[in-house]
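Each residue of the sequence shown is one higher than the last, beginning at 1 in the UniProt record's numbering.
We treat Cβ as the ideally placed atom computed from N, Cα and C, and that holds for glycine.
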Amino acid sequence: MTSIDSLEGVVLAGGYSTRFGEADKAVAELAGTPMIRRVVDRLATVTDAVVINCRDEQREAIRDALSGSDVDRRYAIDPVPDRGPLAGIGVGLEAVDREYAAVVACDMPFVDPALFEQLYERARGHDGAVVRLEDGWYQTTQAIYRADRMAHACTETLESDDTRILAAFDTLDVITVEEAELEDVSETTFESVDTPDDLQAAARRLE
Ligand SMILES: Nc1nc2c(ncn2[C@@H]2O[C@H](COP(=O)(O)OP(=O)(O)OP(=O)(O)O)[C@@H](O)[C@H]2O)c(=O)[nH]1
Ligand SMILES: [Mg+2]
């Protein structure tokens, strides 16, 4: 896979991972490698620059988790914590200087870069591309967005009554890609690790 020039990565890590317990799932080790490291390494096959969105107090541990990676990394710190994933996407996208961003949550360690290649092809000329899963759910935290347009929509939506990520799409031209249309994308790409049990189950599969 080769790097896409107009694409930057955004990793969302600003949540409090309450279902995970005391620890921050972003830096929790999955089979010896921090989850966020796995996500960044996978993004690095389609882009050479990544923005990490997190809270200020997470930065040091995340920096340690990513040390030695040769991806250009920048941090976009939440000015106000706990404003939800839409706020995190907005803060991350504000820091992007390329036209498009591949946004992915830090708890999706099996993210398949092939997905981003396909979504990018569909997103070009539009404001983004997002997968609709077979159950009808939109996979908004593993998607491509046009950085300036979606950042603006995030800000506007946060000021409205409906702060769901999908509400931000109302004023945008985001392409829907049906899950069935994806070609050769790993089945585990959308799996998220939310609890210690999820982590154990994922680790067992990697043994
Ligand atoms: N910046 C920011 N990111 C968030 C926030 N809430 C969730 N996220 C991110 O959005 C992604 C998906 O959210 P969740 O899986 O619910 O993660 P979480 O909120 O940390 O975990 P729970 O507390 O267990 O729900 C994760 O990558 C989180 O880091 C938030 O309030 N601010
Ligand atoms: Mg949450």
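Taking all protein chains shown into account, do 16 or more other C-beta atoms lie within 10 angstroms of the C-beta of residue 115, making it buried, or fewer, making it exposed?
buried
Alpha carbon to alpha carbon, how far is residue 75 from residue 59? Give it in angstroms, no decimals.
8 Å
Would you tell me roughly how many angstroms separate the C-alpha atoms of residue 155 and residue 207, rounded to the nearest one?
43 Å
Would you tell me roughly how many angstroms separate the C-alpha atoms of residue 121 and residue 136, rounded to the nearest one?
22 Å
Round the Cβ separation of residue 53 and residue 26 to the nearest angstrom and send it over; I've been treating them as touching at under 8 Å.
Contact between residue 53 and residue 26 does not hold, since their C-beta atoms are separated by about 10 Å, which reaches or exceeds 8 Å.
Short of 7 Å in beta carbon distance, which residues of its chain neighbour residue 188, apart from the five on each side in sequence? Order them along the chain.
Exclusion of the five residues before and after residue 188 leaves 110 as the residues of its chain whose Cβ lies within less than 7 Å of its Cβ.
Take the Cβ of residue 201 as the centre, count every other Cβ of all protein chains shown within 10 Å, and call the residue buried at 16 or more, exposed below.
Residue 201 is exposed by the Cβ-count criterion.
Name the DSSP beta bridge partners of residue 128, please?
145 and 174
Going by DSSP, what residues sit across from residue 54 in a beta bridge?
77
Who are the Cβ neighbours of residue 151 in its own chain at under 7 Å, not counting the five residues just before and after it?
Short of 7 Å from the beta carbon of residue 151, and not among the five residues preceding or following it, lie these beta carbons of its own chain, in chain order: 90, 93 and 94.
Can you tell which of 173, 105, 85 and 139 has its C-alpha closest to the C-alpha of residue 126?
That would be 173, whose Cα lies nearest to the Cα of residue 126.
DSSP puts residue 102 in a beta bridge; with which residues?
9 and 144
Use the C-beta contact count for residue 15: other C-beta atoms within 10 angstroms, 16 or more gives buried, fewer gives exposed.
With 16 or more Cβ atoms within 10 Å of its Cβ, residue 15 is classed as buried.
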